[in-house]
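Heads up: the protein sequence lines correspond to chains A and B, in order. Residues in the first sequence are numbered consecutively from 1, following our numbering. Residues in the second sequence are numbered consecutively from 1001, following our numbering.
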Amino acid sequence: MSVVFKKEVLDEFEIIANRYPTRRAALLPALWLAQREFGYLSLEVLDYIAQIVKISPVQVYEVAEFYTLFHKKPVGKYHLQVCRTISCALNGALDIQRAIEAHLHTKPGEITHDKLFSYELVECLASCHTAPCMRINEDYYENLSPEKVNEILNQLVKENNQNAI
Amino acid sequence: MTIKIKINDQPLEVPEGINILEAALGNQIPLEHFCYHRYLPVAGNCRTCMVELEGPRGRALTIACNTKVTEGMVIYTNSPGAQTAQKSALEFLLLDHPLDCPICDKAGECKLQDNYMKYGLYDSERMVPRYFKGGKDLSIGEHIILDQERCVLCTRCIRFVDEVTETSELGIIHRGHESTLTTFPGKALDNAYSGNTTDICPVGALTLKEFRFKQRVWFLKKTESICTKCARGCNLWIEQNRETVFRLMPRENPEINRTWICNEGRMSFNEINDHRIVKSQLYGQVDDLGSMVEKIQNILEGVEKEKILGIASPWATLEDNFILRKLFKNRWNLDHLVSLLPPLGESDSILRLPQKYPNGVGLQVLEIPELSKSIIEKLNDRHFEVLLVMENEFWQFASLELQQSLFTIKHIIVLTTHQSDVFQKIEAVFPVRAFAEKYGTLINAMGYLQKINPAINSYPEIVESSIFIARLAQKMKIPGFEFETPVEVFNALSQEQSIFPKIRFHQIPSHGLFIPLDTNGVAPAPFSGHQKVDNVFVRGHQFK
């Protein structure tokens, strides 16, 4: 299957690209769009982005590999990013990690078998006043405790099952 | 415009607009550097060319490659501050570098080795375990092997593929100590100039498959020469050991090829070693040279003035063509000396020109025309009895029709360097020296007179075409052919041809002598997309 943007997404990209004096400047937004559309940035996606941004594939590869926020591997429907930087660490981020690992049976950087959850450790999420915290997709979950984490994860599973029906 | 600066308390006058590194190197002041390359944009990422500048607030450290000299600048390259900075930067570069020099092809010409011995000589103070990254022998192209562990991330190769070839196949992925040089997975580094990345690599990260594990570089002897694969005439080093050429390396010439050569030229070293002929052949069978020369002499002495056709060569040197022309002028009809040129080949806007021979302009200078209609008519009328071909393997490119009419000539005499199947149809084939074995001069498409020098002497018994013809002429008792070496031929030639300044062979500079000629509008090498380099070529410092 060849990787191609849908017509609307391509139009969206062109509007973004026209904001910049050079086309290659639109590389980061293009990668965001690709991640939104395809879930993660596979090599085919990077090659396709190189074509539409009109730069060499390896230059796209360099940028995508540089930023940890771009996923180079498939992620779950719910992608957990758990802060491990100092404020969260002091407020028990390690317990949060253990709770997630026990609940999901995954290690950081892995994805669950049902492809529902993936989990990784990240540096500061800029929410130190509500430490410990984590991000699931675009949403912040703050002032966490192991019990709260279990509750959130159960809630998400339930939500997913409801959507499936 | 020159300006006055001081380096290490030594007053100097240097051209305006150059950087401190060039100013130092050009004045024989050693300064450590990795990532700086004279013909690539400045990246300034290795930080080893640190110098101290005298300023209003005392001395300050800066990198020499990215700082232009200004009037009255006071620079220190060997002060304790500068030396510490250089040494520390080197220590970082060497931190995760593998110690596999004994099996590394770059060993002996490696900047990391050289600089460590010159500026480093410290004991390792590493306390954390070594970080191992990447693959050791990744084939990333037809000619290139990448060793990611050896890479010091100078980005010279990346800048080369971005700025010179504009193909951008290489990049650095990941961050910090994990940074790794790579191509896009599944895509190869396969442009027509990819071999240059192995030259500019300061370490053994990029190596050439054709040279890998073939020879230690300290055994190689270098000879200045010229590439013969196209009319650009790129400057080369022929590097040989025990009469075998192991590689051709570009030699810096800012006007012609900078420090680049194309892969086609680089790989032509095999031709010097392989499929050579060393014995004279009679209809494809090896025969005694003396008796064959006698036979040929009889044929040439017996032939009517109008019935001999000569084919000169754009691959032969000026001297060879000059002697052949002289023989035709003195003895036979000069109108019957022509050249045969191969069809135009691949070209691009960097170095490669479509004329795949080195001395086409030389033929123009000697006024040897291309094969004309009238000659072809005469050929078809079976007018000629003798065909004398010098270093022109027309059987490889001429049309079958033309070949057929040429091969119907009764006596065919060929002087050539390489074996071929067609020798069975040829009465006499004499071996002559190839370009790596002789002195000679060539004129490139831009009008530079350049000389080639003998790098190897594998076959001392055979001589150059010019000397072979001169000796034949002497035997035939034709005056004016008392030459023993091509150098003598050149000296006679430069006196005779009004277009040359009256110089002698050894006076031709190694970077060529520009002769104002009408060279059919071939412009200087454009180096497209490349920033213009002004005043950077400081004489006396060859950049590597």
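Don't be surprised by glycine CBs; every beta carbon is placed ideally from N, CA and C.
Any C-beta of chain A under 8 Å from that of residue i
i, result
"Ala-1184/B", "It should be pointed out that residue 1184/B corresponds to Phe in this sequence rather than to Ala. At least one chain A Cβ lies under 8 Å of Phe-1184/B."
"Glu-1149/B", "no"
"Gly-1135/B", "no"
"Gly-1171/B", "yes"
"Ser-1088/B", "no"
"Ser-1565/B", "Not covered by the structure: residue 1565/B. The range shown for chain B is 1001 to 1544."
"Lys-1438/B", "no"
"Gln-1531/B", "Confidence is the limiting factor: at Gln-1531/B the pLDDT is only 39, short of 50, which leaves the residue's position unreliable, though a coordinate-based value still follows. Taking Cβ atoms only, chain A never reaches closer than 8 Å to Gln-1531/B, which makes this a no."
"Asn-1196/B", "no"
DSSP three-state assignment for residue i, whether helix, strand or coil
i, result
"Ile-1350/B", "coil"
"Ser-1225/B", "strand"
"Gln-1419/B", "coil"
"Gln-155/A", "helix"
"Ser-1194/B", "coil"
"Asn-1535/B", "With a pLDDT of 39 at Asn-1535/B, under the threshold of 50, the modelled position of that residue is not reliable, and no figure is offered here."
"Glu-982/B", "Residue 982/B lies beyond the range of chain B shown here (1001 to 1544); nothing can be said about it."
"Gln-1281/B", "strand"
"Glu-123/A", "coil"
"Ala-1107/B", "coil"
"Asp-1381/B", "coil"
"Gln-1148/B", "coil"
"Glu-101/A", "helix"
"Ala-1428/B", "strand"
"Val-3/A", "coil"
"Trp-32/A", "helix"
"Arg-23/A", "helix"
"His-1177/B", "helix"
"Pro-1545/B", "Here chain B comprises residues numbered 1001 to 1544, so residue 1545/B is not present and cannot be evaluated."
Whole-angstrom C-beta distance between residue j and residue i, which should lie under 8 Å
i, j, result
"Asn-1476/B", "Glu-1301/B", "Sequence inspection shows Met at residue 1476/B; the Asn mentioned does not correspond to that position. That belief holds up - the Cβ atoms of Met-1476/B and Glu-1301/B are roughly 6 Å apart, short of 8 Å."
"Val-1164/B", "Ser-1280/B", "That belief does not hold up - the Cβ atoms of Val-1164/B and Ser-1280/B are roughly 45 Å apart, past 8 Å."
"Cys-1104/B", "Gly-1204/B", "4 Å"
"Leu-1138/B", "Ile-1145/B", "7 Å"
"Leu-156/A", "Ser-118/A", "The Cβ separation is near 12 Å, so there is no contact."
"Lys-1006/B", "Val-1069/B", "Not a contact, Cβ separation roughly 10 Å."
6 Å CB neighbourhood of residue i in its chain, flanking five on each side removed
i, result
"Ile-1426/B", "Ile-1412, Val-1414"
"Val-1303/B", "Glu-1385, Val-1386"
"Cys-1110/B", "Val-1203"
"Leu-1189/B", "Ile-1140, Gly-1141, Ile-1144, Glu-1169, Thr-1183"
"Leu-1344/B", "Pro-1354"
"Glu-1306/B", "Asn-1333"
Closer than 8 Å to chain B by CB, residue i
i, result
"Phe-70/A", "no"
"Phe-189/A", "Within the shown structure, residues of chain A are numbered from 1 to 165, placing residue 189/A beyond reach of any answer."
"Pro-57/A", "yes"
"Tyr-48/A", "no"
"Ala-25/A", "no"
"Tyr-78/A", "no"
"Tyr-40/A", "no"
"Tyr-141/A", "no"
"Tyr-119/A", "no"
"Glu-151/A", "no"
"Leu-28/A", "no"
"Glu-123/A", "no"
"Tyr-61/A", "yes"
"Leu-31/A", "no"
C-beta atoms of residue i and residue j nearer than 8 Å
i, j, result
"Asn-1257/B", "Leu-1351/B", "yes"
"Thr-1167/B", "Val-1161/B", "yes"
"Thr-1183/B", "Val-82/A", "no"
"Gly-1134/B", "Glu-1149/B", "yes"
"Arg-1433/B", "Glu-1464/B", "yes"
"Glu-1032/B", "Tyr-1119/B", "yes"
"Thr-1416/B", "Arg-1382/B", "no"
"Ile-1020/B", "Val-1051/B", "yes"
"Trp-1237/B", "Lys-1222/B", "yes"
"Ser-1313/B", "Asn-1392/B", "yes"
"Ile-1376/B", "Ile-1226/B", "no"
"Phe-29/A", "Ala-99/A", "Reading off the sequence, residue 29/A comes out as Pro, not Phe. Going by C-beta atoms, Pro-29/A is not nearer than 8 Å to Ala-99/A."
"Val-1487/B", "Phe-1322/B", "no"
Spatial neighbours of residue i in its chain, beta-carbon cut-off 8 Å, leaving aside the 5 residues before and after
i, result
"Arg-1216/B", "Ala-1107, Gly-1108"
"Ala-26/A", "Phe-13, Ile-16, Ala-17, Arg-19, Tyr-20, Val-53"
"Leu-1517/B", "Val-1361, Gln-1364, Val-1365, Ile-1443, Gly-1447, Ile-1499"
"Val-75/A", "Gly-39, Tyr-40, Ile-111, Ser-118"
Within chain E, partners of residue i - CB distance below 8 Å
i, result
"Arg-1175/B", "The displayed structure is made up of protein chains A and B, and chain E is not among them."
Nonlocal neighbours in the same chain, by C-beta distance under 7 Å from residue i, ignoring five residues either side
i, result
"Asn-1078/B", "Asn-1008"
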